[in-house]
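To start, the structure itself, in structure tokens.
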Amino acid sequence: MRLKVALNTLLNMSINLPTKHNVRVRRSIFAGLTLCTCILMLWLIYEALTPQTPLMLHIALLVLVGVTLPWMVIGFWNAIIGLLLCQLSSNPVAHILPAEMLKQNSQDGQTVTASTAILLCIRNETPERLVRNLDAMLQGLSASVLNTDNAVSKHFHIYILSDTDDLSIAAQERECFLAIAQRWEKQFSVIYRCRTDNTAYKAGNIADFCKRWGGQHEFALTLDADSFMTASAIVRLVRMMQSNPRLGILQGLVVGLPSTSAFTRLFQFGMRLGMRSYTMGSAWWQADCGPYWGHNALIRLAPFIAHCDLPQLPLRSGASRPILSHDLIEAVLMRRAGFEVRIYPQEDESWEENPPTLTEYIRRDLRWCEGNLQYVQLLTLPKLTLLSRLQLLLAIFMFLGSPAWIALMVICTVAISISTSPSTFINAGPMTSLLSIALVMWYLPKIAGALDVLLRKQERQRFGGGYRFSLSLILEVLFALLMTPITWLNHSLFMVGLILGKKQGWMAQSRDDHSIHLLEAIRQFWPHTLLGVTLSVMLYKTYPQALAYGLLFFSGLILAIPLAVLSSQPWLGRFMLRRHLLSLPEEIMPPTVLLVLDLPALKTA
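Everything in the sequence shown is counted per this note's numbering, starting at 415 for the first residue and increasing by one.
Right, dumping it as structure tokens:
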């Protein structure tokens, strides 16, 4: 009974427009839960080490575990709160957003009056895919009745902002987008602009738009080359922002488009589950200090232009460098200016494409890693809110946790292997509890998302039924177990490269399905295999009883090469499609708006 009362109290704090007091209470609750959990985990590692443990090893393990905790523990509580909201409320978003914004979902929503620029930011992309997506979005907007005279052109204006430096692709772009401009000239203004350089990357691309045309519009919808949104999703964001004059950025929840790639299906099935509860839970306590992911989001241009100009980062050489991961910095600057940054934490016909192979995923992930590590230089920006500084710090720890995990794996294995009796410095009971709790915490966002599906009949049907969903879930859990240590080592090696002066760069991504050759996989993943095999052999020779736990962390490293090759094979993706494994709701009941895109996954499904 007490638990039920506590849960109802937790929910009732955010039913209507959140007051400053309620937001403070929510954040205090969340901070308390997070802090207590971190203390518990540190106590467990302390108890797992005996008095005979060398002092330096004791300190090293406590510090490394401490580095891994923030991201993991916050994700754990985000997922629990999000799951409770989804299961105990018929309308969980009503606990997140102000009532006036929620009205915009109904027939009573405001008439669209604001001028909105739709920004398609591209660089060396295949024009055919871009044209396909943009044409479908314009078709949807054209069919939408936005006001009594249906004058769509008054409200939406299209800007293709190209940074393409490949001359042959640039020529194709110009031809394709000029054709679109002519095709839609009676309804929409379509402007194509190609910069001759890539100054400041995507942030510089948007800054150039702001200087040229930003003053002509109230809002801007930011899209990446792989973005697709329906007219209803776009209009909903515009209405919500119109209803709240203090709203500076409104981020829509983005999900993956159906894919024929086995890797993509595995990856985005897990992402779809993980984001459901995680995003709802994080929005509950972040409130008006939410995230911005840089695409599929609406920004209010006047404060964005006035307050979100990004600084250059100084280098030791005396030169400067642009910020790579611009989105979070723009969000904290918008918040510093007194404007709200919110997320609409519900699936809302807003999609993106995910990388087709493990190598492409890593390339994108390392770009983000380099960008997030730059935030170290921005933690001392003046007048940021405390929560904004925390968000920057967490973005850094998102990647710093990886070398900490690798160091824990190596140090623990080496310590066990050189010890005459591992039990002299490790208490098996607390260590087993620590590892078990850590695994549950790490995977709980996906577990919570899976429970949210399994506990609701309609959701099970959307994912193809309980049997197929459960089988898909098992495959994804195994995949995630293998992928996680691979990602940790990638981040760790990349950070070593950064220290040595190596740069990742910001290259165009290959979005089409393709196979990875065995030799390519060996070149990229031999360090993973070497480390995984070495640690496994060391553990087996000295403490075979612990090998089962060790393989939870080592298997992904050992199998990195075959995983990269196998998950890129077209036949495996086709097999999954035919068997409806790892299917998204869009594959089970394809929306009409996606059928227009002629996606291969929807033709085969």
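Glycine included, every Cβ here is placed at the ideal spot set by N, Cα and C.
Report task. Spell out the partners DSSP gives C535 in its beta bridges. Result -> L575.
Query raised in the report: So, using beta-carbon positions, are C783 and M694 closer together than 9 Å?
Result: No. Outside cutoff.
Requested in this report: Evaluate contact between the segment 939-956 and the segment 986-997, counting only Cβ atoms and requiring at least three cross-stretch pairs below 8 Å.
Outcome: In short, these stretches do not touch, since the Cβ pair count stays below three.
**Report entry** Beta-carbon proximity list for D926, same chain, < 7 Å, skipping 5 on both sides
**Finding:** Excluding residues up to 5 positions away in sequence, P770 lie with their Cβ nearer than 7 Å to the Cβ of D926 in the same chain.
Query - Buried versus exposed, by CB contacts within 10 Å (16 or more), E599 - result: Looking at its Cβ environment, which holds fewer than 16 other Cβ atoms inside 10 Å, E599 is exposed.
Requested in this report: Please determine if the segment 719-732 and the segment 677-686 are in contact, where contact requires at least 3 C-beta pairs separated by less than 8 Å.
Outcome: No, they do not touch.
Query raised in the report: Mind checking whether F811 and W485 have CB atoms under 9 Å apart?
Result: Result yes, Cβ atoms of F811 and W485 sit closer than 9 Å.
Query raised in the report: Pick from D779, E774, Y758 and L747: whose alpha carbon is nearest that of T799?
Result: Taking only the C-alpha atoms, the option nearest T799 is L747.
Requested in this report: Starting from the N-terminal side, write out each stretch of the alpha helix (DSSP H) that is 4 residues or longer and does not extend beyond the segment 624-697.
Outcome: Along the length of the segment 624-697, whole alpha helix (DSSP H) runs at least 4 residues long occupy 645-657, reported in chain order.
Requested in this report: Identify the continuous alpha helix (DSSP H) that holds E890 and give its terminal residues.
Outcome: Unbroken alpha helix (DSSP H) run through E890: G880 to I913.
Query raised in the report: If you draw a straight line from the alpha carbon of L935 to that of I574, how long is it in whole angstroms?
Result: Checking the displayed sequence, the identity of residue 935 turns out to be Ala instead of Leu. Using only the alpha carbons, I get a separation of about 36 Å.
Query raised in the report: At a cut-off of 8 Å, is R993 close to the ligand FMN when judged by its beta-carbon and the heavy atoms of the ligand?
Result: Annotation note on the ligand FMN: not contained in the displayed structure, which lists no ligands.
Query raised in the report: With distances taken between CB atoms, is the gap from G662 to R714 smaller than 9 Å?
Result: Yes. Within cutoff.
Query - Cut-off 7 Å between Cβ atoms - residues of its own chain near Q466, not counting five sequence neighbours on either side - result: Closer than 7 Å at the Cβ level, and outside the excluded window around Q466, lie T838 and F839.
Requested in this report: Could you pull out every residue in the same chain whose Cβ sits closer than 7 Å to the Cβ of W819, ignoring the five residues on either side in sequence?
Outcome: Beyond the five residues adjoining it in sequence on each side, W819 comes within less than 7 Å, by CB distance, of T482 and W902 in the same chain, given in chain order.
**Report entry** Same chain, Cβ closer than 8 Å to A809, neighbours up to 5 away in sequence not counted
**Finding:** Take A809, set aside five residues on each side of it, and the residues of its chain with a beta-carbon closer than 8 Å to its own are S739, L742, N786 and Y789, in chain order.
Query raised in the report: So is L449 buried or exposed if we call it buried at 16+ other beta carbons inside 10 Å?
Result: For L449, the number of other beta carbons within 10 angstroms of its own is below 16, and it is reported as exposed.
Requested in this report: Rounded to whole angstroms, what's the CA-CA distance from E514 to E632? Just pull it up for me.
Outcome: Approximately 19 Å, taken between the alpha carbons.
Query raised in the report: Any idea which residues DSSP pairs S833 with across the strands?
Result: According to DSSP, S833 shares a beta bridge with no other residue.
Query - Same chain, Cβ closer than 6 Å to N619, five either side skipped, listed in chain order - result: Correct list, in chain order: C535, L575 and D577.
Query - Residues bridged to Y1020 (per DSSP) - result: Since the first and last residues shown for the chain are 415 and 1019, residue 1020 lies out of range.
Report task. Out of F570, R543 and L544, point me to the one whose CA is closest to S556's CA. Result -> A check of alpha carbon separations from S556 across F570, R543 and L544 identifies F570 as the nearest.
Query raised in the report: Just checking, does the segment 627-644 make contact with the segment 842-859 on the three C-beta pairs under 8 Å criterion?
Result: Cβ pair count under 8 Å is below three, so no.
Requested in this report: Pair every Cβ in the segment 668-675 with every Cβ in the segment 759-769, then say whether three or more of these pairs are closer than 8 Å.
Outcome: With a cut-off of 8 Å, the segment 759-769 and the segment 668-675 count as touching, because enough Cβ pairs lie within range.
Query raised in the report: How is T451 classed by DSSP in three states: helix, strand or coil?
Result: T451 falls in the helix class under three-state DSSP.
Query raised in the report: Which of helix, strand or coil does DSSP assign to E763?
Result: In the structure shown, the three-state DSSP call for E763 is strand.
Requested in this report: Classify R714 as helix, strand or coil using the three-state DSSP reduction.
Outcome: If DSSP states are grouped into helix, strand and coil, R714 belongs with the strands.
Query - Spatial neighbours of S696 in its chain, beta-carbon cut-off 6 Å, leaving aside the 5 residues before and after - result: Contacts found: N492.
Query raised in the report: Helix, strand or coil: which one does DSSP assign to F989?
Result: Three-state DSSP puts F989 in a helix.
**Report entry** Nearest to W940 (by Cα), restricted to the options S603, I975 and R750
**Finding:** Comparing Cα positions, the closest option is I975.
Report task. Using 10 angstroms around the beta-carbon of A711, count the other beta-carbons present and answer buried if the total reaches 16, otherwise exposed. Result -> Buried, by the Cβ-count rule.
Requested in this report: Tell me, to the nearest whole angstrom, how far the beta carbon of F877 is from that of P999; I am working on the premise that it is less than 8 Å.
Outcome: About 6 Å separates the two Cβ atoms, so the contact holds.
Query - Residue span of the alpha helix (DSSP H) that contains S582, given as start and end - result: It spans L581 to R597 - the alpha helix (DSSP H) in which S582 sits, taken as one unbroken run.
Report task. Give every residue of the same chain whose Cβ lies closer than 6 Å to the Cβ of T562, excluding the five residues on either side of it in the sequence, and list them in chain order. Result -> Unreliable positioning characterises T562 in this predicted model, as indicated by a pLDDT of 44, which lies under 50. A coordinate reading is not provided.
Query raised in the report: With respect to the beta strand (DSSP E) encompassing C608, which residues constitute its N-terminal and C-terminal limits?
Result: Taken as a continuous stretch (DSSP letters only), the beta strand (DSSP E) holding C608 covers S603 to C608.
Query raised in the report: If you drop the 5 nearest sequence neighbours on each side, which residues of the same chain put their C-beta closer than 6 Å to that of M823?
Result: Cβ within range, chain order: F967.
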